[in-house]
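Just below is one structure, and these are the notes that go with it.
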């Protein structure tokens, strides 16, 4: 009787061991897939930040043309839009940077969204001040910007 119990527990232990050996690669594969999904999401939001920057730059150019043609109402409208999209681009870029740093930490496997405190702040577009801060700066180094991609495809076609 004692041998049967010992044999039973040896068999149960063997089954548990074999099950853990079989599921371990699938857990690693799931973690790898999850990591790649988070990286793709970061790339998507980074491209969105560049798109906002392009919109802001377009509105800034329209603002300069409206100022040159003495259309104050249109100039003010374009200036507000340029400031709004520039702010969106900066906020999204900050969120992406925070998110990328959180992805590099060991406990990041459960982290799927950027920190709540780094999300967009509800802000009004600036209504006064110099026009120079509205001029968007070039997107951060790294991958090719959306503007570079557009130029590439225009040359190609």
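Numbering (our numbering), first residue to last: -5 to 151. All C-beta atoms, glycine included, are put in the ideal place defined by N, C-alpha and C. It should be emphasised that the depicted structure is a prediction, and the values quoted were computed from it without experimental measurement.
query: Own chain, CB closer than 6 Å to residue -2, minus 5 neighbours either side, in chain order; result: none
query: Residue 34, DSSP secondary structure in three states; result: helix
query: Spatial distance of residue 51 from residue 31 (CA atoms); result: 30 Å
query: Cβ shell of residue 46 (< 6 Å), same chain only, five flanking positions each side left out; result: 79, 82, 83
query: Residue 96 - containing alpha helix (DSSP H), residue span; result: 66 to 97
query: CB-CB length for residue 54 against residue 69, believed under 8 Å; result: Actually they do not touch by this definition, with Cβ atoms about 11 Å apart.
query: Cα-Cα separation, residue 5 to residue 34; result: 44 Å
query: Residue 127 in three-state terms, based on DSSP; result: Unreliable positioning characterises residue 127 in this predicted model, as indicated by a pLDDT of 48, which lies under 50. A coordinate reading is not provided.
query: C-alpha gap between residue 60 and residue 74, whole angstroms; result: 13 Å
query: DSSP-derived helix/strand/coil call for residue 28; result: helix
query: Residue 63, DSSP secondary structure in three states; result: coil
query: Closest Cα partner of residue 89 within the set 40, 62, 1; result: 40
query: Alpha-carbon spacing of residue 12 relative to residue 97, whole angstroms; result: 32 Å
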